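Undergrad: Numbering (our numbering), first residue to last: 196 to 424.
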Amino acid sequence: MNRRSFIHQTGMAGALLAVGGCASTSGRSPLFQISLAEWSFNKALFAKGGMTNLDFPLVARRNYGISAVEYVNQFFKDKARDTTYLAELKRRCDGEGVRSLLIMCDGEGALGDPSPTKRKQAVENHHKWVEAAKFLGCHSIRVNADSGGVGSFDEQLDRAADGLSALTDYGSRHGIHVIVENHGGLSSNGKWLAGVMKKVNKPGCGTLPDFGNFTDYDRYLGVQELMPF
Numbered sequence: 196m197n198r199r200s201f202i203h204q205t206g207m208a209g210a211l212l213a214v215g216g217c218a219s220t221s222g223r224s225p226l227f228q229i230s231l232a233e234w235s236f237n238k239a240l241f242a243k244g245g246m247t248n249l250d251f252p253l254v255a256r257r258n259y260g261i262s263a264v265e266y267v268n269q270f271f272k273d274k275a276r277d278t279t280y281l282a283e284l285k286r287r288c289d290g291e292g293v294r295s296l297l298i299m300c301d302g303e304g305a306l307g308d309p310s311p312t313k314r315k316q317a318v319e320n321h322h323k324w325v326e327a328a329k330f331l332g333c334h335s336i337r338v339n340a341d342s343g344g345v346g347s348f349d350e351q352l353d354r355a356a357d358g359l360s361a362l363t364d365y366g367s368r369h370g371i372h373v374i375v376e377n378h379g380g381l382s383s384n385g386k387w388l389a390g391v392m393k394k395v396n397k398p399g400c401g402t403l404p405d406f407g408n409f410t411d412y413d414r415y416l417g418v419q420e421l422m423p424f
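Pasting the structure below:
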């Protein structure tokens with residue numbers, strides 16, 4: 196499916212959703228304002244000639260009536276410091292009345308890497324996304340508490356907290372929060388990730404619980420453990 200066809204078809208779907216929504220709420224404002232995660236369109240975004248990151252705010256607003264978006268860095272990986280590109284993305288958001296909430300960051304190294312040198316580099320690799328998030332008007336970046344799977348439960352906890360603490364300090368200087376998703380490895384263990392948060396113990400660092408990412412861990416318990424952060 197090419198880019199034009201995708202946008203057209205999602206537009207038709209969005210129109211139907213909008214009609215259904217209007218009928219069911221009788222003109223009342225929705226109880227909750229929701230945001231749209233860019234990963235929802237990952238197949239279209241990865242497809243050659245398909246949807247682009249610059250299309251995302253338009254698709255969210257015009258096709259689905261959603262006015263807040265969550266980006267994924269994979270879809271503009273080389274644009275973190277391209278202010279011309281970021282300005283165009285912001286212009287499109289402003290034109291559609293769409294708010295940019297956060298950037299989900301992957302592939303920038305393990306913040307809890309066993310090597311202090313690599314851990315420091317991972318923290319620095321995330322700096323550009325903090326800056327991009329600030330430029331776009333986001334409140335947060337979403338990161339992973341990857342500890343490399345090496346060492347004991349507590350050793351990995353300490354390393355992840357070390358990297359997150361350093362990144363949180365950088366984020367705080369730019370007015371950007373650092374939030375952690377349960378996203379594989381020990382981070383999918385609610386007790387462990389809650390322990391990391393307690394170790395960091397900074398208001399600029401929190402969690403973004405994903406109900407489907409607890410693997411074998413009790414998802415209800417996991418959400419309960421992470422919600423305080």
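All residues carry an ideal CB built from backbone N, CA and C; glycine is no exception. Given the structure is predicted, the values throughout are model-derived calculations rather than measurements.
#1: For the structure I just gave you, are there three or more beta carbon pairs, one from the stretch 279-293 and one from the stretch 239-259, closer than 8 angstroms?
#2: Compute the beta-carbon to beta-carbon distance between residue 400 and residue 371, rounded to the nearest angstrom, for a pair I have assumed lies under 8 angstroms.
#3: Taking the C-alpha atoms as reference points, what is the distance between residue 216 and residue 280?
#4: If the criterion is Cβ atoms closer than 8 angstroms, does the pair residue 374 and residue 335 meet it?
#5: Going by beta-carbon coordinates alone, are residue 300 and residue 337 separated by less than 8 angstroms?
#6: Tell me which residue opens and which closes the alpha helix (DSSP H) that residue 333 is part of.
#7: Please state whether DSSP places residue 369 in a helix, a strand or coil.
#8: List in chain order: all unbroken beta strand (DSSP E) runs of 3+ residues lying wholly within the stretch 287-350.
#9: Pairs of beta-carbons, one from the stretch 412-419 and one from the stretch 374-391, closer than 8 angstroms: are there three or more?
#10: List the endpoints of the continuous beta strand (DSSP E) containing residue 255.
#11: What do you reckon, are the CB atoms on residue 275 and residue 323 nearer than 8 angstroms?
#12: Going straight from the alpha carbon of residue 238 to that of residue 244, what length do you get?
#13: Three-state secondary structure (DSSP) at residue 380?
#14: On the DSSP bridge list, what partners appear for residue 401?
#15: Excluding the five sequence neighbours on either side, which residues of its own chain have a C-beta within less than 7 angstroms of the C-beta of residue 402, listed in chain order?
#16: Among the candidates 248, 262, 241, whose CA atom is the shortest distance from the CA of residue 228?
#17: Over the uninterrupted alpha helix (DSSP H) stretch that includes residue 263, give me the two end residues.
#18: Does residue 271 pass the burial test, meaning 16 or more other C-beta atoms within 10 Å, or should it be called exposed?
TA: The structure says:
#1: yes
#2: About 11 angstroms; that fails the 8 angstroms criterion.
#3: Only weak support is given to the placement of residue 216: the predicted model assigns it a pLDDT of 44, under 50, and the question is left unresolved by the model.
#4: yes
#5: yes
#6: No alpha helix (DSSP H) holds residue 333; DSSP gives it neither H nor E.
#7: coil
#8: 294-299, 335-339
#9: yes
#10: Residue 255 -> no beta strand (DSSP E), and no H or E assigned at all.
#11: In contact: residue 275 and residue 323 (Cβ atoms closer than 8 angstroms).
#12: Rounded to whole angstroms, the gap between the alpha carbons of residue 238 and residue 244 is 11 angstroms.
#13: helix
#14: For residue 401, DSSP records a beta bridge to 374.
#15: 374, 375, 388, 392, 421, 424
#16: 262
#17: Note, residue 263: premise wrong, no alpha helix (DSSP H); beta strand (DSSP E) at 263-267.
#18: buried
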